[in-house]
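Structure first, then comments.
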Amino acid sequence: MFRVMAFALGLLALTPTVRAGEVQVAVASNFAAPMKAIAAEFEKATGHKALLSFGASGKFYAQIRNGAPFQLLLSADEVIPAKLEADGLVIPKSRFTYAVGTLVLWSAQAGFVDERGEVLSRGNFAHLAVANPKLAPYGAAAMETLARLGLKSSLQDKLVQGENIAQTHQFVISGNAQLGFVALSQVMKDRRIADGSAWVVPAEMHRPIRQDAVALAAGRNNAAANALLRFLREPLAMAIIQSYGYRP
Amino acid sequence: MFAAANLEAILLTVKLASLVTILLLLIGTPIAWWLANTRSAWKAPIEAIVALPIVLPPSVLGFYLLVAMGPQGPVGQLTLALGLGTLPFTFTGLVVASVFYSLPFVVQPIQNAFAAISPGLFEAAATLRARPWDRFFSVALPLARPGFVTAAVLGFAHTVGEFGVVLMVGGNIPGRTRVVSVQIYDHVEALEYGQAHELAILLMGFSFVTLFLLYALNRRVTTLSA
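What follows is the structure, encoded as structure tokens:
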């Protein structure tokens with residue numbers, strides 16, 4: 023028994039306490055891959071450490087309102103940062119658009135999705151995955167695209183919804199949905215679409231998916247938070263963001 | 323009283339939990355009987371498999387079910403070969419996942435109830451020329467009744483409270499896979515806290531009343547038989 027307790031205490035002692043050079047960032051699921059790359063460059067350039075939490079922006083909103091210890095939020099939309107601003111939970115004037123998302127219709131099967139997305143009107147599939155349009159901007163953009171194509175009602179019965187864009191991607195990559203609307207950043211590797219087949223949805227099919235970042239009031243005196251906010255707008259970070267298929 | 327979408331989720335949840343409870347009593351009883359009576363070396367591994375959902379995070383269970391029931395998974399290949407299509411995103415898929423998820427909550431109380439029956443009673447019944455099936459239905463089942471009540475209530479309540487697994491295999495389709503717990507999550511994410519409260523309070527009340535009745539009833543049974 024004593025040994026177990028000593029072991030537990032040892033573990034506690036190992037958990038790092040928050041140092042001055044750390045910033046806790048809440049990051050939208052679709053931005054997970056580029057943000058990991060940016061965080062690595064950020065650490066190299068500044069010596070500060072960025073601790074990343076990935077999730078749905080709506081959940082982050084509820085957590086931040088209830089005292090979550092994040093200093094920065096990289097939201098999947100522009101609505102939630104604006105709401106936090108209205109709630110007085112952010113550092114005034116810190117909000118800016120860090121990326122504009124690109125929507126892609128993607129299938130894990132090679133040759134299933136053609137370059138113009140005409141597979142949608144052929145309808146030879148059982149399930150089309152989209153992110154929940156009420157919660158995820160990529161889901162809302164997908165529904166706008168279907169409406170523009172005049173396919174919204176005919177495909178209604180085939181729609182399955184992921185709670186966020188990460189789960190939507192999981193539905194498609196596991197083959198449970200033959201195709202789905204996901205973020206281009208999720209299927210890009212080394213500047214190209216690595217597997218399956220895809221139609222990159224043209225920008226004019228839906229309202230732009232503006233992803234806003236905001237500095238939270240909790241990070242007011244955090245040097246690492248301020249440095250990361252600046253770093254996100256530097257050419258190096260912007261190049262990484264665009265290499266994952268985000269529009270400038 | 324409830325918004326239409328919330329009501330739809332409530333009805334779907336009740337339908338799912340009722341069906342799952344009935345199936346679990348049918349599947350769980352023979353498993354519990356076997357576990358309570360066997361001396362086989364397979365007893366411990368089977369007990370461990372049945373109990374897995376108690377300790378596994380629902381995300382693990384849900385993820386494996388999604389992969390297993392998908393077109394490349396073993397279950398998916400079987401259902402495809404049978405011409406049933408794949409199970410994720412269907413009500414049937416939710417039923418299958420929930421049966422697995424709530425299995426220990428039904429098997430364990432019944433198994434304990436069977437194990438508590440004195441073997442002397444079966445021997446007495448046998449001397450009265452009761453055949454094995456007769457002994458099961460006229461001795462074991464009535465004596466194990468409190469175990470069955472506990473099993474049914476816990477199986478139902480646990481299925482109502484299920485979230486992670488449904489989220490992974492459901493696809494959030496209104497009227498087919500969008501149950502109350504997922505609907506609450508949706509409302510919270512969409513910042514519709516009022517609507518979330520409406521359902522969350524209902525679920526709290528239901529869970530408390532169910533467990534309260536169960537414990538009160540069990541106490542009465544124990545006092546009566548003591």
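Chains as they are written, first to last, in my numbering: chain Z, 23 to 270; chain S, 323 to 548.
Virtual Cβ for every residue (Gly too), placed ideally from N, Cα, C.
The stretch 394 to 403 of chain S makes no contact with the stretch 449 to 464 of chain S: fewer than 3 CB pairs, one atom from each, lie closer than 8 Å. The criterion of a C-beta distance shorter than 8 Å is not satisfied by ARG232 (chain Z) and SER265 (chain Z). The closest CA to that of LEU127 (chain Z), considering only Z:ALA98, Z:ASP179, Z:GLY80, Z:HIS149, is found on Z:HIS149. For GLY197 (chain Z), the nearest CB of chain S lies under 8 Å from its own CB, placing it at the interface with that chain. Distance between ALA331 (chain S) and LEU521 (chain S), taken at the CA atoms: about 10 Å. Taking a C-beta distance under 8 Å as the contact criterion, LEU254 (chain Z) and SER116 (chain Z) do not qualify as a contact pair.
Interface annotation, THR408 (chain S): in contact with chain Z, CB-CB separation under 8 Å. Contact between the stretch 85 to 94 of chain Z and the stretch 159 to 168 of chain Z is not established, with fewer than three Cβ pairs separated by less than 8 Å. DSSP places GLN183 (chain Z) in the uninterrupted beta strand (DSSP E) bounded by 181 to 184.
Nearest CB-CB separation between LYS81 (chain Z) and chain S: below the 8 Å threshold.
Counted as a single uninterrupted DSSP element, the alpha helix (DSSP H) harbouring LEU142 (chain Z) occupies residues 141 to 144. At a cut-off of 8 Å between beta-carbon atoms, GLU445 (chain S) makes no contact with chain Z. Residue-level contact by beta carbon fails for ASN328 (chain S) and chain Z, as no gap is shorter than 8 Å. Its chain contains PHE478, THR481, VAL482 as the residues whose beta carbon lies nearer than 6 Å to that of ALA339 (chain S), once the 5 sequence neighbours on both sides are disregarded; these appear in chain order. Annotated three-state conformation of ALA522 (chain S) is helix, per DSSP.
In chain order, ALA331, LEU334, THR335, LEU338, VAL488 place their CB closer than 7 Å to the CB of VAL501 (chain S), counting only its own chain and leaving out the 5 sequence neighbours on each side. Taking C-alpha positions only, ASN88 (chain Z) is separated from ASP136 (chain Z) by approximately 46 Å. Contact with chain Z is absent for VAL488 (chain S), since none of that chain's Cβ atoms lies less than 8 Å from the residue's Cβ. With fewer than 16 other Cβ atoms inside 10 Å of its own Cβ, PRO367 (chain S) counts as exposed.
Here the alpha carbons of ILE523 (chain S) and HIS509 (chain S) stand approximately 13 Å from one another. The distance from the Cβ of GLY486 (chain S) to that of GLY384 (chain S) is about 5 Å, consistent with a contact at the 8 Å cut-off. Put simply, the backbone Cα of GLU369 (chain S) is about 16 Å away from that of VAL421 (chain S). Within chain Z, GLU185 have C-beta atoms less than 8 Å from the C-beta of TYR507 (chain S), given in sequence order.
Contact residues of the stretch 82 to 95 of chain Z toward chain S are TYR83, ALA84 (C-beta to C-beta distance below 7 Å).
Taking a Cβ-Cβ threshold of 9 Å, none of the residues of chain S is close to PHE134 (chain Z); the smallest such distance is about 13 Å.
Residues of the stretch 392 to 408 of chain S that bring their beta carbon within less than 9 Å of a beta carbon in chain Z comprise GLY392, PRO393, GLN394, GLY395, GLY398, GLY407, THR408, in sequence order. For TYR268 (chain Z), the three-state secondary structure derived from DSSP is coil.
Residue pairing by DSSP puts ARG232 (chain Z) in a beta bridge opposite Z:VAL122. Sequence-distant Cβ neighbours of ALA474 (chain S) in its own chain, meaning closer than 7 Å and more than five residues away, are THR343, LEU347.
For VAL182 (chain Z), the nearest beta carbon of chain S is closer than 8 Å to its own beta carbon. At least 8 Å separates the CB of LEU173 (chain Z) from every CB of chain S. Under the DSSP assignment, GLN505 (chain S) falls outside any beta strand (DSSP E), being part of the alpha helix (DSSP H) whose first and last residues are 502 to 511.
Taking 8 Å as the upper bound on Cβ-Cβ separation, chain S lies near residues ALA148, HIS149, ALA151, ASN154, LYS156, LEU157 of the stretch 146 to 169 of chain Z. Just so you know, the alpha carbons of LEU111 (chain Z) and ILE86 (chain Z) end up roughly 8 Å apart. Around SER79 (chain Z), the same chain offers ALA50, SER97, ALA98, ASP99, ILE102 as residues with beta carbons nearer than 7 Å, after the five sequence neighbours per side are excluded.
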